[in-house]
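Please read the structure below before turning to the comments.
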Amino acid sequence: MMNSDSIFLLPSSNKPMAIPTKEEEEEEEPPISTTTLLSFDTDSSSPSTPPKHPLTTLIFTALILVTCLAVSAAFAFGFLFFSSSSRPSLSISDDVSVRPLKKLKRPVVLLVSSDGFRFGYQYKTDTPNINRLIKNGTEAELGLIPVFPTLTFPNHYAIVTGLYPAYHGIVNNYFLDPNTGEAFSMRSYDPKWWLGEPLWETVVNHGLKAATYFWPGSEVNKGGWTCPQSLCLMYNGSVPFEERVDTVLNYFDLPSDEIPSFMTLYFGDPDYQGHKVGPDDPQITEAITRVDGMIGRLIRGLEEREVFEDVNIIMVGDHGMVGTCDKKLIFLEDLAQWIEIPKDWIQSYSPLLSIRPPPSYSAKDVVTKMNRGLKSGKVKNGQYLKVYLKEELPARLHYSASDRIPPIIGLIDESFKVEQKSSKRKECGGSHGYDNAFFSMRSIFIAHGPQFARGRKVPSFENVQIYNLITTILNIQGASNNGTTSFPKTILLPGH
Ligand SMILES: [Zn+2]
């Protein structure tokens, strides 16, 4: 049921199509022009430059052209060399189209999340099981791009709804509803918070079964989804990872008609360690080994049941991780000379600074004064924070179309943090939530199964594309969302 709040959030009845697509945004990039290279010649007629001898000009131009040709040839050769060595076996014989199922009756997608699995962690140590999925499956070559803010709940729910947080409603891990003053926390299961249509709801609406072994939002009753006890676990971080894997494996022992078509599996590592010690610590390496071990356990269990090649395993993370330290802090009290920002205006400090001043204040005025102070050179680390009216944030962040998003948002440079006032506390650790353009915030996309080519690398993409990818694999009609309808074709083997 939609309450007035959700109607406000989705004014165009759950059709957030006005958002510019990625392609449109990319078109704004100015094309690289060759005229600058040739401007030597054209400028020679201008009065400020002395005229050159025509022969010298000719030789000079010829030299430039020869150099350009040589450089481009070198680039082209390098590109061919590297692309052929890093993109093996695009044309393996059984990769022409979707491979037929051997044992299962219909397609199954198992969506696995490893929280805070920053792109690149897979190279920290030997990860034979994850590597097996990569080698025989399809991988986002430079990782999966999270949505902004790069936090756990906004991203997990974007993955299963295909919506940006402004549209799926989970705009932060904690936030206030400005109309009722009610607080959302990661334990809020009231459907009024959770907008859009998550995959488990789409799946059961089509008469198929879904099973969730933890995923933000999965405990919430929505539409045909009632979080049935045998197929939906209430979050409990202390359940051993082995038990989670084994429970999912047991679903494959059900009679074939009862095997869920869509399953989720969630591990809280390596996010847990990342916050404590930052991304470059032996504890992270250990956590990666452990997650890889769980993938190994999963693969072995599926092989024992002779369904490993039948299941579409999609392994993702919600966001990356970057190191933080007490020297990289910005204190709001340092802005007092320009504007006092009391504690109770702040909804979150870091890495997403969000501020809701009382209605008697002009948000625009607050932004102007804050930025004046930050740019003054008198505020420690002030240059690493920029404050915006939410409507004026870069459009690529898609972070304004909800009244749950406070009117003022601060973008903090990676690894910096904002605090109210200085303290003697010393700490180093890790954090995430920053601008999703930072490479450190990227996670992984690794997919293996009958609908994915083996050994294929694809360009990075935003995680809102995954919803359409999964509905396409399951051959069901999804709800409207922020993903592009043509996207699944670029990732999946033909046969749909
Ligand atoms: Zn985290």
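Residue numbers (numbering that gives the first Met the number 0): 0 to 495.
Idealized CB from N, CA, C, for every residue including glycine.
How many Å lie between residue i and residue j at the Cα?
i, j, result
"Val290", "Phe116", "10 angstroms"
"Gly482", "Lys342", "37 angstroms"
"Thr66", "Gln382", "Legend: pLDDT at Thr66 = 49, less than 50; position of this residue unreliable, no value from coordinates given."
"Leu301", "Arg355", "50 angstroms"
"Thr554", "Asp317", "The question about residue 554 has no answer here: the residues shown for the chain are numbered 0 through 495."
"Leu198", "Thr160", "6 angstroms"
"Thr470", "Val315", "17 angstroms"
"Ile490", "Tyr188", "33 angstroms"
"Thr225", "Leu473", "21 angstroms"
"Pro487", "Gly319", "24 angstroms"
"Met293", "Ser184", "29 angstroms"
"Ser92", "Arg98", "Since pLDDT at Ser92 reaches only 45, below the 50 mark, its modelled position is unreliable, and no value is offered."
"Arg86", "Glu426", "Annotation note: pLDDT 43 at Arg86 (below 50); position unreliable, coordinate value reported separately. Spanning the two alpha carbons is a distance of roughly 42 angstroms."
"Phe438", "Asp256", "43 angstroms"
"Pro406", "Leu396", "15 angstroms"
"Gln464", "Ala335", "43 angstroms"
"Ser229", "Ile340", "49 angstroms"
"Thr33", "Pro281", "With a pLDDT of only 32 at Thr33, under the threshold of 50, the placement of this residue in the model should not be trusted, and no figure is reported."
"Phe251", "Asn135", "22 angstroms"
"Pro145", "Glu305", "34 angstroms"
"Ser217", "Cys231", "7 angstroms"
"Asp309", "Lys101", "7 angstroms"
"Ile338", "Asp412", "22 angstroms"
"Asp94", "Gln450", "9 angstroms"
"Leu194", "Arg186", "16 angstroms"
Can you have a look at residue i and say buried or exposed, based on whether 16 or more other CB atoms are within 10 angstroms of its CB?
i, result
"Leu253", "exposed"
"Asn496", "Examination of residue 496 is not possible in this model, given that the chain is present from 0 through 495 alone."
"Gly494", "exposed"
"Pro371", "It should be noted that the sequence gives Arg, not Pro, for residue 371. Flag for Arg371 reads exposed."
"Asn235", "exposed"
"Ser421", "exposed"
"Gly180", "exposed"
"Gln346", "buried"
"Asn249", "exposed"
"Arg455", "buried"
"Thr484", "exposed"
"Trp433", "Per the sequence shown, the amino acid found at residue 433 is Tyr instead of Trp. With 16 or more Cβ atoms within 10 Å of its Cβ, Tyr433 is classed as buried."
"Gly376", "exposed"
"Phe81", "Annotation note: pLDDT 43 at Phe81 (below 50); position unreliable, coordinate value reported separately. Exposed is the call here."
"Arg105", "exposed"
"Glu138", "buried"
"Arg441", "buried"
"Tyr212", "buried"
"Asp270", "buried"
"Asp279", "exposed"
"Met233", "exposed"
"Gln121", "buried"
"Gln272", "buried"
"Ser88", "Interpretation of Ser88 is limited by its pLDDT of 44, a score under 50 that renders its predicted location unreliable; the figure taken from the coordinates is listed afterwards. By the 10 Å Cβ count, Ser88 comes out exposed."
"Glu196", "buried"
"Ala452", "buried"
What are the boundary residues of the beta strand (DSSP E) that includes residue i?
i, result
"Asn311", "Val310 to Val315"
"Phe261", "Phe261 to Phe266"
"Ala209", "Ala209 to Tyr212"
"Thr470", "No beta strand (DSSP E) holds Thr470; the alpha helix (DSSP H) holding it covers Ile465 to Leu473."
"Ala400", "Taken as a continuous stretch (DSSP letters only), Ala400 belongs to no beta strand (DSSP E), as it is neither H nor E."
"His447", "Phe444 to His447"
"Phe415", "Per DSSP, Phe415 belongs to no beta strand (DSSP E) and is neither H nor E."
"Phe330", "Leu328 to Phe330"
"Gln346", "Ile345 to Ser347"
"Arg455", "Arg455 to Val457"
"Ala139", "Thr137 to Ala139"
Could you please give the first and the last residue of the uninterrupted alpha helix (DSSP H) stretch that includes residue i?
i, result
"Glu538", "No statement about residue 538 is possible, as the shown extent of the chain runs from 0 to 495 and does not include it."
"Ile490", "Phe486 to Ile490"
"Arg299", "Pro281 to Glu303"
"Gln272", "Asp270 to Val276"
"Phe152", "Thr151 to Thr160"
"Leu373", "Ala362 to Lys374"
"Thr201", "Leu198 to Asn204"
"Ile129", "Pro127 to Lys134"
"Ala165", "Pro164 to His167"
Assuming residue i contacts residue j (C-beta within less than 8 angstroms), just tell me the rounded distance between them.
i, j, result
"Val244", "Leu297", "5 angstroms"
"Gly277", "Gly429", "4 angstroms"
"Trp261", "Ser113", "It is Phe, not Trp, that sits at residue 261 in the sequence shown. Their Cβ separation, rounded to whole angstroms, is 18 angstroms, which puts Phe261 and Ser113 out of contact at 8 angstroms."
"Leu492", "Ser96", "5 angstroms"
"Asn462", "Gly477", "So it is not a contact: roughly 15 angstroms between Cβ atoms."
"Ala400", "Tyr173", "About 20 angstroms; that fails the 8 angstroms criterion."
Q. Mind listing, in chain order, the residues whose beta carbon lies closer than 6 angstroms to a non-hydrogen atom of ligand 1?
A. Gly115, Thr151, Asp270, His274 and His431
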